Structures are given as structure tokens and as C-alpha cells.
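Residue numbers (my numbering): 228 to 281. Backbone N, C-alpha and C define an ideal beta-carbon position, used for all residues, glycine too. Note that the structure is a prediction, hence the values are computed from the model and not measured.
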């Protein structure tokens with residue numbers, strides 16, 4: 228197993244959790260898809276020019 232880059236402890240009141248941070252082994256792109264609540268259909272972001280020029 229690889230060695231962690233950083234180790235520490237996260238504490239919430241009387242509970243302490245050990246945490247270790249490792250480097251990524253693969254490169255991935257992260258995509259966030261927004262879905263409408265009622266229909267579960269994907270929503271789109273439309274970008275428009277605010278100066279009135281296309």
C-alpha cells in the first residue's frame with residue numbers, strides 16, 4: 228500500500244477519527260449533472276451575452 232501524503236485527526240466533540248490523504252492513481256474528469264426534482268430530467272445552463280452582442 229502507498230504511503231499517505233498527509234495524516235491527521237478529525238474531532239467531533241468526544242469522537243476522534245483518524246484521516247489519511249493519498250495521491251490519486253488515475254486522472255479523471257469530474258462532471259456534475261443537475262437534475263430537476265419533479266421530473267428527474269437533466270437541466271441545462273444557458274449562457275447569454277449581457278452586452279447585447281452575439
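Handout entry: Boundaries of the beta strand (DSSP E) in which residue 244 is found, first to last residue
Key = First-last of the beta strand (DSSP E) with residue 244: 242-248.
Practice task
Measure how close the beta-carbons of residue 270 and residue 261 come, nearest whole angstrom, since I'm counting them as under 8 Å.
Solution key: Confirmed, Cβ separation roughly 5 Å.
Practice task
Just grab the DSSP bridge partners of residue 238 for me.
Solution key: In the DSSP output, where bridge partners are listed per residue, residue 238 has 243.
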